[in-house]
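As they're listed, the protein sequences go chains A and B.
Okay, so the first sequence: first residue is 1 according to the numbering used here, each after it adds one.
Okay, so the second sequence: first residue is 1001 according to the numbering used here, each after it adds one.
The C-beta atom is built at its ideal place from N, Cα and C for all residues, glycine as well.
Read the structure below first, then the notes.
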Amino acid sequence: MSAAATTDLANAKSMSLIVTKGTLDWAYPPFILATTAAAMDVKVSMFFTFYGLPLLLKKLDLQVSPLGNAAMKMPMAGGHMAMPNMLAMLPGATAGTSVMMKNLMKKKGVASIEDLREAAVESEIDMIACQMTMDLFEYDLKDMIEGPRLGGAATFMENALNSDINLFI
Amino acid sequence: MADEILDTKGLNCPLPILKAKKALKKMASGSLLEVHATDPGATADFEAFCRQTGCDLIESGEEGGVYRFVIKNA
């Protein structure tokens, strides 16, 4: 006998995420959690603010730097290695690291952020772009993907107040 | 026996779940979806997925590194 389905509105689960980071590594947790939750019939809303806002740009060129990233130890030569800060600050280090990580994702069959984002839009997740951040960093709505709506802190608050799960990423 | 087979071998979390959900959305209630995966986390994931969505995990096994699940659509 399977558990009660969440098609019953009274039992429907909901989750709100506030996405504040925009590096390649930090783009993954919100999109993985959001798309998986949506696949499990959870009503999901994502509020993209500050450095999370560029995740909504049509053209993504996500980067991750090993500089000061003490926990970043990548599989290398059979073990795990961190890049010394002295090397991480050299020109090209960030771009090179980002390419390596994207290649590692491809090799291991991990979805790209573009694919996860497309899945998020397809599963009708409520994606909200922070109006203040758009203004602050001078972003244009026409540079963003189709789907997200504009909103402010109160918009996020209402979603958060009505959600079973609230995550700050 | 399954109405549809979904191959997610070589794909990592959350793709097996996302692709299974996409397939199940197009299938009739009660129909069977068979999923093949190599992601070791898939076993626990599909159990949780079925519990939450009201689907039935009829079969769940592993052979030679390939996990096989049969899901009955809610």
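Check your understanding: Is the closest heavy atom of the ligand SAM to the C-beta of PRO1016 of chain B under 6 Å?
Key -> The ligand SAM is absent from the structure shown, which contains no ligands of any kind.
Check your understanding: Can you tell which of B:ALA1002, B:ASP1003, B:MET1001 and B:LYS1019 has its C-alpha closest to the C-alpha of LYS1009 of chain B?
Key -> Working through the second sequence from its first residue, we reach residue 1009 of chain B at position 9. The residue with the shortest Cα to Cα distance from LYS1009 of chain B is B:LYS1019.
Exercise for review: Name, going along the chain, the residues of the region 24–55 of chain A whose beta-carbon falls closer than 7 Å to a beta-carbon of chain B.
Suggested key: ILE32, THR35, THR36, ALA39, MET40 and ASP41
Point to revise | Buried versus exposed call for MET134 of chain A [16 or more other C-beta atoms within 10 Å across all chains shown] | key: Numbered from its first residue, the first sequence carries residue 134 of chain A at position 134. So MET134 of chain A counts as buried.
Practice item. Compare the C-beta of VAL121 of chain A against all C-beta atoms of chain B and say whether one is closer than 7 Å. Key: Sequence index remark: in the first sequence, residue 121 of chain A carries index 121 (1-based). Judged by the 7 Å Cβ criterion, VAL121 of chain A is not in contact with chain B.
Check your understanding: Any beta-carbon of chain A closer than 7 Å to the one on ASN1073 of chain B?
Key -> Here residue 1073 of chain B corresponds to residue number 73 of the second sequence, with the count starting at 1. No, ASN1073 of chain B lies away from the interface with chain A (no Cβ there is under 7 Å from its Cβ).
**Study point:** CB contact flag (ALA27 of chain A, LEU62 of chain A, <7 Å)
**Key:** By 1-based counting over the first sequence, the position of residue 27 of chain A is 27. By 1-based counting over the first sequence, the position of residue 62 of chain A is 62. Yes, the pair counts as a contact, with Cβ atoms nearer than the cut-off.
**Study point:** Coil, strand or helix - PHE137 of chain A by DSSP
**Key:** As a first step, residue 137 of chain A must be located in the first sequence, where it is residue number 137. Coil at PHE137 of chain A, not helix or strand.
Exercise for review: With a 10 Å radius around its C-beta and 16 neighbouring C-beta atoms as the bar for buried, classify PRO84 of chain A as buried or exposed.
Suggested key: Position 84 of the first sequence, counted from the start, is the residue given in the question as residue 84 of chain A. Exposed: under 16 other Cβ atoms inside 10 Å.
Exercise for review: Leaving out five residues on either side along the sequence, give the residues of the same chain with a beta carbon under 8 Å from the beta carbon of MET144 of chain A.
Suggested key: Start at 1 with the first residue of the first sequence, and residue 144 of chain A comes out as number 144. Here the set comprises LEU56, LEU57, LYS58 and ALA129.
Review point. Below 7 Å between beta carbons: does that hold for MET15 of chain A and VAL44 of chain A?
Key: For this step, residue 15 of chain A is matched to residue 15 along the first sequence. For this step, residue 44 of chain A is matched to residue 44 along the first sequence. Closer than 7 Å, so yes.
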